[in-house]
Amino acid sequence: MTDLESRLTRLAMPDPGHTELKRPVLPDADVAYTLHDTPIGTMLLAIAHGRVVASSFGDEETMTTRLARAVSPRVLRQARPLDDVRRQLDEYLAGTRQAFDLEVDLALATPFQRLVLTDLPTHTSYGATTTYGTVAADIDKPKAARAVGTALGANPVCVVLPCHRVVGANGALTGYAGGLDAKRFLLNLEAKR
Amino acid sequence: MTREKVELPPFQALIDAHWRDVARLARAMAGPVDGDDAAQRAWEKAYAAYPALTSAKNLRSWLLTITARCATDVHRARKPQRPLEEAPPVAVEGPDAAAWPDPDLWRAVNELPERQRFAITLKYVGDLDHHGVAAALDTTPAASRRLVSDALATLRSKLGVEDD
């Protein structure tokens, strides 16, 4: 590349601190998401058509790619549409809220995961734990305890759909997408009421 | 006719990867004053058209093509009475002109015929190959090559730089 050509590649490159380039401003996204710092780690929260589609410990690239495929490719990082979700989550994590007043869309879940996750708030209660086997019985699949465990582990809407309340038959915490420390934190939080 | 399911990346990934390129190209084509406006419009158009895309290939080139069209529109709209062949030069002499790096080059680029100016900004600021430039200008790669080489020759003589 000649000297002139390399000068051309730098044309319109603004000096630092002066005439900064501007990021675009777009209307409310089909899928809006934000990264939210909580005591149990950074969570990716996403909303589509007024319903929560993700509350997850998964990484940004993986989650937004899944949302683009499952819901709409018009996925944007926008905090404002998630104000209410963040507020309710913060209240819950501070111990001042026991139930979420949010609509959930399990667009990221498989049909079986939907079956397991949809009624979780009614099959569990704040401050109490249940077992994989009990949840399996609740959905009329009494032999599917292991599959229920896998479905809960893939919960795309963590905390809001309280998969942390489900533990092993012997009371062991077993596993959690946000790590066992997060699960312990949530169960301790609910035990304090 | 059935359309194959295209797996498009999240739009935010396009913004994060390309917003600087879009902003620079828009400013290089429409000038520092109208450029930001053109870039914003380009993103709005791209966002509106995105879900209907039939291919997830060359998204950067697609964005820069939209940017080039918006830059042309915004820029021409300032002086609508002029025929297309005499599109107005970019407004490099605004209050901020002195703050832009390489003002001599800006001025020389500004004085090029419009097609040449667009071709070299797409090629060098947009970093597109001749196929990309041709797509954005609705012409052929051979024509793009010619526009760029003519533009470079003019710039060399105006700026007094040697062939190196």
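Here the protein sequences line up with chains A and B, keeping their order.
For the first sequence, the numbering used here assigns the number 1 to the initial residue and increments by one for each residue that follows.
For the second sequence, the numbering used here assigns the number 1001 to the initial residue and increments by one for each residue that follows.
Glycine included, C-beta positions come from ideal geometry on N, C-alpha and C.
The structure displayed is predicted, hence computed values, not measured ones.
Per-residue burial, residue i [other beta carbons within 10 Å of its own, 16 or more giving buried]
| i | result |
| --- | --- |
| proline 142/A | exposed |
| aspartate 1129/B | exposed |
| threonine 38/A | buried |
| alanine 151/A | buried |
| methionine 1029/B | buried |
| histidine 1131/B | exposed |
| histidine 49/A | exposed |
| proline 156/A | buried |
| arginine 80/A | exposed |
| leucine 194/A | The first residue shown for chain A is 1 and the last is 193, placing residue 194/A beyond what the model contains. |
| proline 27/A | exposed |
| glutamate 61/A | exposed |
| serine 1157/B | exposed |
| alanine 136/A | buried |
| glycine 95/A | exposed |
| glutamate 190/A | buried |
| proline 1088/B | For proline 1088/B, the predicted structure reports a pLDDT of 47, less than 50, and the residue's modelled location is therefore unreliable. The matter cannot be settled from this model. |
| aspartate 140/A | exposed |
| aspartate 1034/B | buried |
| glutamine 98/A | exposed |
| proline 1103/B | exposed |
| glycine 1031/B | buried |
| glycine 171/A | exposed |
| aspartate 1016/B | exposed |
Cβ of residue i within 8 Å of any chain B Cβ
| i | result |
| --- | --- |
| lysine 22/A | yes |
| alanine 12/A | yes |
| arginine 7/A | yes |
| leucine 26/A | yes |
| leucine 108/A | no |
| leucine 173/A | no |
| aspartate 105/A | no |
| leucine 4/A | yes |
Supposed contact pair residue j and residue i - C-beta distance, whole angstroms, cut 8 Å
| i | j | result |
| --- | --- | --- |
| valine 1022/B | alanine 1048/B | Contact flag wrong, Cβ pair sits at about 15 Å. |
| valine 1125/B | threonine 9/A | 7 Å |
| aspartate 90/A | valine 1161/B | Wrong, their Cβ atoms sit about 60 Å apart, outside the cutoff. |
| leucine 102/A | glutamine 88/A | 6 Å |
| leucine 117/A | leucine 106/A | 6 Å |
| methionine 63/A | leucine 44/A | 5 Å |
| threonine 1072/B | alanine 1026/B | Wrong, their Cβ atoms sit about 10 Å apart, outside the cutoff. |
| proline 1010/B | leucine 67/A | 7 Å |
| valine 166/A | threonine 130/A | 6 Å |
Proximity winner among the options, relative to residue i (alpha-carbon distances)
| i | options | result |
| --- | --- | --- |
| cysteine 158/A | Gly179/A, Gly95/A, Ala147/A and Asn170/A | Gly179/A |
| serine 1061/B | Asp1034/B, Pro1101/B, Leu1122/B and Leu1008/B | Leu1122/B |
| asparagine 1058/B | His1018/B, Val1033/B and Gln1040/B | His1018/B |
| aspartate 30/A | Asp140/A, Arg77/A, Phe57/A and Ala137/A | Arg77/A |
| valine 25/A | Gln1012/B, Leu1008/B, Lys1005/B and Leu1025/B | Gln1012/B |
| leucine 108/A | Thr96/A, Ile47/A and Gly168/A | Ile47/A |
| leucine 11/A | Trp1106/B, Ala1046/B, Arg1069/B and Arg1076/B | Trp1106/B |
| threonine 1065/B | Leu1152/B, Val1133/B, Arg1024/B and Ile1120/B | Val1133/B |
| proline 146/A | Arg7/A, Val160/A and Thr174/A | Position check: residue 146/A holds arginine in this sequence, whereas proline was assumed. Measuring from the Cα of arginine 146/A, the nearest candidate turns out to be Thr174/A. |
| alanine 1046/B | Cys1070/B, Asp1034/B and Pro1032/B | Cys1070/B |
| alanine 70/A | Val53/A, Gly58/A and Asp84/A | Val53/A |
| aspartate 59/A | Glu190/A, Arg184/A, Ala177/A and Asn188/A | Ala177/A |
| glutamate 1007/B | Ala1142/B, Ala1039/B, Ser1055/B and Ala1038/B | Ser1055/B |
| aspartate 1038/B | Ala1052/B, Leu1155/B, Gln1116/B and Leu1063/B | The question names aspartate, but residue 1038/B in the sequence shown is alanine. Answer by Cα proximity: Leu1063/B. |
| threonine 36/A | Val85/A, Thr124/A, Ala144/A and Val148/A | Going by the sequence as given, residue 36/A is histidine instead of threonine. The option with the nearest alpha carbon to histidine 36/A is Val85/A. |
| glycine 41/A | Ser55/A, Tyr33/A and Gly149/A | Ser55/A |
| tyrosine 33/A | Ser6/A, Pro73/A and Lys22/A | Pro73/A |
| arginine 132/A | Tyr126/A, Cys163/A and Val104/A | A small correction: the amino acid at residue 132/A is tyrosine; arginine does not occupy that position in the sequence shown. Measuring from the Cα of tyrosine 132/A, the nearest candidate turns out to be Cys163/A. |
| threonine 1140/B | Thr1154/B, Ala1119/B and Leu1155/B | Ala1119/B |
| leucine 1159/B | Glu1111/B, Arg1145/B and Ala1135/B | Glu1111/B |
Cβ of residue i within 8 Å of any chain A Cβ
| i | result |
| --- | --- |
| alanine 1129/B | For clarity, residue 1129/B is aspartate in the given sequence; the question names alanine instead. Taking Cβ atoms only, chain A never reaches closer than 8 Å to aspartate 1129/B, which makes this a no. |
| alanine 1119/B | no |
| alanine 1017/B | no |
| arginine 1024/B | yes |
| glutamine 1116/B | no |
| alanine 1038/B | no |
| leucine 1008/B | yes |
| proline 1101/B | yes |
| glycine 1094/B | Note on glycine 1094/B: pLDDT 48, under 50, position unreliable in the model; the coordinate value appears next. It does not; no Cβ of chain A falls within 8 Å. |
| valine 1125/B | yes |
| leucine 1105/B | yes |
| arginine 1027/B | yes |
| alanine 1013/B | yes |
| arginine 1076/B | no |
| valine 1033/B | no |
| glutamate 1086/B | Because the pLDDT of glutamate 1086/B is 45, which lies under 50, any placement of that residue in the model is unreliable, and the question is left without a value. |
Contact with chain D by residue i, beta-carbon distance below 8 Å
| i | result |
| --- | --- |
| valine 135/A | Here the protein chains are A and B, and chain D is not one of them. |
* Quick one, which residues of the region 1134–1162 of chain B are near chain A if we go by CB-CB under 8 Å, in chain order? -> Leu1152, Leu1155, Arg1156, Leu1159 and Val1161
* To do: With 7 Å as the limit, tell me which residues of the region 1045–1072 of chain B have their beta carbon closer than that to any beta carbon of chain A; keep them in chain order.
  => Tyr1047, Tyr1050 and Pro1051
* To do: Using a Cβ-Cβ cut-off of less than 8 Å, list which residues of the region 64–80 of chain A approach chain B; keep chain order.
  => Thr64, Thr65, Leu67, Ala68, Arg69, Ser72, Pro73, Arg74, Val75, Leu76 and Arg77
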